[in-house]
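Numbering (this note's numbering), first residue to last: 34 to 208.
Data first, discussion second: the structure below is written as C-alpha cells.
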C-alpha cells in the first residue's frame, strides 16, 4: 500500500492551466542558493585534480564510472564548469517504502548554454533509483518554476563513455 501512495504522490502534478500554483522549491531560508565556494573537507577516499571545477579535487566513489564521467566533463567544450556533489549540501528529498531519504546526485554541471545540469552516473538501477530520479525531476521542475536560477535539467548517464554525446544532444535541444 505504501508504494501505491508514493507513486500517486509522485504522479500528481499541479494543473497550472486551471490556475493551480506550480511546484516551487522549499528553500533553506538562511542560504537559499547553494555555493561550492565553501567546500573544504578531508577525506581518505581517492581524489583527482580538476581544471573545470571550482573545487580543486574530485572525490570518486566508484573507480571507473565516476572517473570516466569526470574525464569526459573535463574534456568537453560544452562544460563551463562542474562540481562533484560531495559536501555541497544538495540533497533532494524523497520517500521510499514510507521512509524519508535524501538523494544526492553525483555532479552539478554548468553548460556553456547556461543550463545547470544535475547529473547522475548510474551503471545499474535497483528499484529505489527510479523513485530518486522521479524526485529529482520534480525538484528540477520546482527550481525552474521558481525562475531565479536560470534553467536546470536532470540527466542520468548510464555509460560515461557516451557522456560527451549526451551533452551534445542536450545543448542542441536547448538551441
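Note that beta-carbon positions come from the ideal geometry of N, C-alpha and C, so glycine has one too.
Delimiting residues of the beta strand (DSSP E) encompassing residue i
{"i": "residue 189", "result": "185 to 190"}
Own chain partners of residue i with C-beta closer than 7 Å, once the 5 adjacent residues on each side are dropped
{"i": "residue 136", "result": "124, 125, 127, 165, 168, 169"}
{"i": "residue 175", "result": "56, 57, 58"}
{"i": "residue 72", "result": "88, 120, 121"}
{"i": "residue 101", "result": "193, 194"}
Short Cβ contact (9 Å threshold) for residue i with residue j
{"i": "residue 78", "j": "residue 93", "result": "yes"}
{"i": "residue 188", "j": "residue 151", "result": "yes"}
{"i": "residue 203", "j": "residue 148", "result": "yes"}
{"i": "residue 139", "j": "residue 171", "result": "no"}
Host alpha helix (DSSP H) of residue i (start-end)
{"i": "residue 148", "result": "Premise fails: residue 148 is in no alpha helix (DSSP H) and is neither H nor E."}
{"i": "residue 168", "result": "160 to 179"}
{"i": "residue 202", "result": "196 to 207"}
Cβ neighbours of residue i in the same chain (closer than 6 Å, five flanking residues each side left out)
{"i": "residue 134", "result": "127"}
Give the list of continuous alpha helix (DSSP H) stretches no shorter than 4 residues that lie fully inside the stretch 60 to 144. 98 to 108
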